[in-house]
Amino acid sequence: MRRAIRLTLLTLLPFCLWAQTLTRMVAQFPVIVEGDTLSMPFSGGFNGPVPQFLDWDDDGFLDLFITDGDGRIQHYETDGSTPDFFTLMTRSFNDLIIGFWFRFIDYDLDGDHDLIFSSAFPVAGGAYACVVYENVDGTLTLRTESLLDDQGRVLSVGSVVIPTIADIDGDDWPDLFIGSVAGTVTKYRNLGMRDNLPLFQFQTNTFQNIMLVWSPGRGRLHGASALEFFDIDADGDKDLFWGDLYQPGLFFLENIGDSEVPVILDSLVEVEYPPQSPLKTAGFNVPRFSDLDGDGDSELFAGVQSGVYGTDFVNNFVYYSNKGSDTLANFVHERDNFLKVLDLGSASVPVFADIDNDGDEDLFVGNEFNDELPGLRGTVFFFRNMGDAITPVFSLEDSAVFPDLTGNNLAPTFGDLDADGDLDVVIGDWNGKIFHYENTGTAEVANFVYRGQFLEIDVGGLAHPALGDLDGDNDLDLVLGQSEGAIIYWINEGTAVQTVFEFQSEDIFSGTDLGTQSAPYLVDLDDDGDLDILIGNAAGELVFAKQENGIWSVTKTTHLPYSGPQTSPATAHLNGDAELELALGTWHGGLQLYQIDMSAAAAEFTLLPTEIGQLNTYPNPFNGRLSVSLTIPNTETLNISVWNLLGEKVGTISDGPLPAGRHRFSWETGELSSGIYFIKAESDGGTKPWHTVQKVIYLK
188 MRRAIRLTLL
198 TLLPFCLWAQ
208 TLTRMVAQFP
218 VIVEGDTLSM
228 PFSGGFNGPV
238 PQFLDWDDDG
248 FLDLFITDGD
258 GRIQHYETDG
268 STPDFFTLMT
278 RSFNDLIIGF
288 WFRFIDYDLD
298 GDHDLIFSSA
308 FPVAGGAYAC
318 VVYENVDGTL
328 TLRTESLLDD
338 QGRVLSVGSV
348 VIPTIADIDG
358 DDWPDLFIGS
368 VAGTVTKYRN
378 LGMRDNLPLF
388 QFQTNTFQNI
398 MLVWSPGRGR
408 LHGASALEFF
418 DIDADGDKDL
428 FWGDLYQPGL
438 FFLENIGDSE
448 VPVILDSLVE
458 VEYPPQSPLK
468 TAGFNVPRFS
478 DLDGDGDSEL
488 FAGVQSGVYG
498 TDFVNNFVYY
508 SNKGSDTLAN
518 FVHERDNFLK
528 VLDLGSASVP
538 VFADIDNDGD
548 EDLFVGNEFN
558 DELPGLRGTV
568 FFFRNMGDAI
578 TPVFSLEDSA
588 VFPDLTGNNL
598 APTFGDLDAD
608 GDLDVVIGDW
618 NGKIFHYENT
628 GTAEVANFVY
638 RGQFLEIDVG
648 GLAHPALGDL
658 DGDNDLDLVL
668 GQSEGAIIYW
678 INEGTAVQTV
688 FEFQSEDIFS
698 GTDLGTQSAP
708 YLVDLDDDGD
718 LDILIGNAAG
728 ELVFAKQENG
738 IWSVTKTTHL
748 PYSGPQTSPA
758 TAHLNGDAEL
768 ELALGTWHGG
778 LQLYQIDMSA
788 AAAEFTLLPT
798 EIGQLNTYPN
808 PFNGRLSVSL
818 TIPNTETLNI
828 SVWNLLGEKV
838 GTISDGPLPA
848 GRHRFSWETG
858 ELSSGIYFIK
868 AESDGGTKPW
878 HTVQKVIYLK
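Under the working numbering, the residue at position 125 of the sequence shown is numbered 312, and the numbers go up by one with no gaps.
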């Protein structure tokens, strides 16, 4: 009995696999960069970290919280055994969505940490409001999404400054201080509590008459600031530290008053801090102090937001140890990558390949741009596996493997395109084009020769290629993700030795919302002998497309731990067991690594739908000749016809029995006029009647 097939009814179904099967691996495998073994290589990178240290869980050890421009708060813990070693707990603390800044503060003076942060989006009037969560027995409880001042007005902090909250007048109630682009400081006095919320009253736009702007004889001083109060000299009052958009370092303004009456004179400002080893970055530094080693004095940290001096998307969490005392600090620069994470800039794209044929996986990572290269162009990093297939050790060997490419957002994929036993490379870029490097060396010693643009392909933007035998005929096919989210497909109609790529589909999953900036990776995830597709997207999601006998079903992961926006997946067997490891690149520029429990995955895969095919038309719009293709899993009598807007049948493309598999047809319009037409495919009934329709546009 013939079975009817549903075509193009691709749906995104909840997919619970990842909740049970993904285990985060922050430091499972050593990663070496410039001779330094990274402590936390696979916790992701930073593009503009805003940190805060505090003991959140009251265990006697400091926690670290960081926001990094993606609207989430990351949480790290330490057990105190090594003061400067923190373990990533989550990249989305309490799943909060925040704006540019956050601050844990005990606003109700009950001894625990409450939370205030800027709204992610402007409220009425265009203001960025203050959102307030109260800590109730260790649980953050929303109190308001728009904090009002004592006059009932929305308390707006702005979207380009990072304020601070501190008690500098000795009344125990922490006040609010906001820098301005004019180089002044606005103060809101804390009046106490009203309706379980902090009550702030506007006091002045010119706190202490501070005005750090350019003027003759004053040097290059300016506003747009990140503020922090801290008693650096242990004299009982809080001094002011200032990171500025237009300065590469920190300003220091000593409080020469006392704990109740501050006296801070901008004429005494130190424009380079610390004096022993001044901070020098791309600018807009967020200063923070914390006594990590418990010796009674505090270390200095700076999160670099990047100002007018360039872009620091790597080495942007600066750490100074304190070799002095609580009354006389002596800061010594230790490193610019405090957590010692693997950070390769922004928009990292990983891919594994055994490039030296030694039986283990090496690692390549493309990125958006490398600020060490002229022109801020993208690059591909190469990490050779200096270990083996069971105990890999990834060592950075080359930071620009393919120097001929000058574009951004480089996305590499490897495959033996000429069947000569070594791996060739195809690389996508920001402009939507892909480029070919032929390996003229050997399987053991690669020698990549640039061959120019590949197949003259241009998909509009953010081309993300993947090579693999998608149709099971023992040669490499090509799929491409792109900026709008389509998965475009070229089938190899040649051989493994002589490739002949023929366009197959402008979107394999047409009509299915995969998100934007699709990043496909081909892998047999369910171990059934054919390739499936993992797809990352701009929202930080993963989509899983399962293939069974040439038919696709699509599910979106709903339990992937938040890893950051613009996910780009890659998989490999890294430690000799039966489980796959999943590496995720993101906008933050680092990598995150998860182990997949394949036995649990196999059980979940049986829940996926399998009776789904696809109907594709190309080109669309077309002129005179239209190519139509579809895939069916079983023998079926199929009618494919053409209809106009009046509901009239104007042509027949195919009518009769077809065997299981992929079929292509060509239709010529003849004397038809330009306009909109519909391609309709329908079965003869069987046990499950079906039909599907695709709109096309004919332009003479």
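We treat Cβ as the ideally placed atom computed from N, Cα and C, and that holds for glycine.
Item: Unbroken beta strand (DSSP E) run spanning W429, endpoints; Value: 426-431
Item: Limits of the beta strand (DSSP E) - the one that R564 falls within; Value: It is not in any beta strand (DSSP E) - R564 carries neither H nor E in the DSSP assignment.
Item: Burial state of E712 (16 or more Cβ within 10 Å); Value: With the sequence shown as reference, residue 712 is identified as Leu, and Glu is not the correct amino acid for it. By the neighbour-count rule (16 or more Cβ atoms within 10 Å), L712 is buried.
Item: Near the ligand SAM: I614 beta-carbon under 7 Å from a heavy atom; Value: For the structure depicted, the ligand SAM is absent and the ligand set is empty, with no information on it obtainable.
Item: Member of D607, G444, I621, I614 whose CA lies at the smallest distance from the CA of K425; Value: G444
Item: Rounded separation between E869 and D694 - CA only; Value: 21 Å
Item: CA nearest to the CA of W288, picked from E858, Q239, V310; Value: Q239
Item: Alpha-carbon spacing of F792 relative to S705, whole angstroms; Value: Note that F792 scores a pLDDT of 39, beneath 50, so its modelled location is shaky; the value from the coordinates is reported in the next line. About 22 Å.
Item: Segment contact flag, the stretch 375-389 with the stretch 322-339, C-beta cutoff 8 Å, min 3 pairs; Value: yes
Item: 8 Å CB neighbourhood of I219 in its chain, flanking five on each side removed; Value: L225, M573, V580, F581, S582, L583
Item: Three CB pairs or more closer than 8 Å across the stretch 275-294 and the stretch 755-765; Value: no
Item: Per-residue burial, L487 [other beta carbons within 10 Å of its own, 16 or more giving buried]; Value: buried
Item: Cβ of E221 within 8 Å of any chain C Cβ; Value: The displayed structure is made up of one protein chain only, and chain C is not part of it.
Item: Beta-carbon proximity of S814 to L526, cut-off 8 Å; Value: no
Item: Cβ shell of P435 (< 6 Å), same chain only, five flanking positions each side left out; Value: K467, T468, G470, Y496
Item: Residues near R290 by beta carbon distance below 8 Å, same chain, minus five either side; Value: Q239, L302, I303, F304, P350, T351, I352
Item: Three-state class that DSSP yields for S454 in the structure shown; Value: helix
Item: As assigned by DSSP and simplified to three states, the class of G681; Value: coil
Item: Residue environment, A726, which counts as buried when at least 16 other CB atoms sit within 10 Å; Value: exposed
Item: Outcome for P599 when other beta-carbon atoms lying within 10 angstroms are tallied against a minimum of 16; Value: buried
Item: For L718 and L657, believed in contact at Cβ under 8 Å, the rounded distance; Value: 5 Å
Item: Bridge partners - V538, DSSP secondary structure assignment; Value: F551
Item: Whole-angstrom distance between G843 and D715, CA atom to CA atom; Value: 32 Å
Item: Cβ-Cβ distance between I451 and Q395 below 8 Å; Value: yes
Item: Every unbroken beta strand (DSSP E) inside the stretch 448-522 [3 residues or more]; Value: 472-477, 486-491, 504-509, 518-522
Item: Inter-residue Cα distance where the pair is A534 and Q753; Value: 7 Å
Item: L795 in three-state terms, based on DSSP; Value: Unreliable placement is indicated for L795, whose pLDDT of 31 sits below 50; the coordinate value is still reported in the next sentence. Looking at L795 - three-state DSSP - the assignment turns out to be coil, as it is neither helix nor strand.
Item: Neighbourhood of I614 by C-beta distance below 6 Å, restricted to the same chain and skipping five residues each side; Value: L597, P599, F622
Item: Spatially closest choice to E625 from N634, N618, N524, by CA coordinates; Value: N634
Item: Nearest-angstrom beta carbon gap, G423 and N472 [assumed within contact, 8 Å]; Value: With a Cβ gap of about 26 Å, N472 and G423 do not count as contacting.
Item: Inter-residue spacing [alpha-carbon to alpha-carbon] between Y507 and F216; Value: 27 Å
Item: Extent of the continuous beta strand (DSSP E) to which I219 belongs; Value: 218-220
Item: Segment limits, beta strand (DSSP E) that includes D362; Value: 362-366
Item: Residue burial classification, L886 (beta-carbon count within 10 angstroms, cutoff 16); Value: exposed
Item: Length at least 3, wholly inside the stretch 296-347: the beta strand (DSSP E) runs in chain order; Value: 301-305, 317-323, 326-331
Item: Rounded Cβ spacing between L817 and H850 (contact assumed at less than 8 Å); Value: 6 Å
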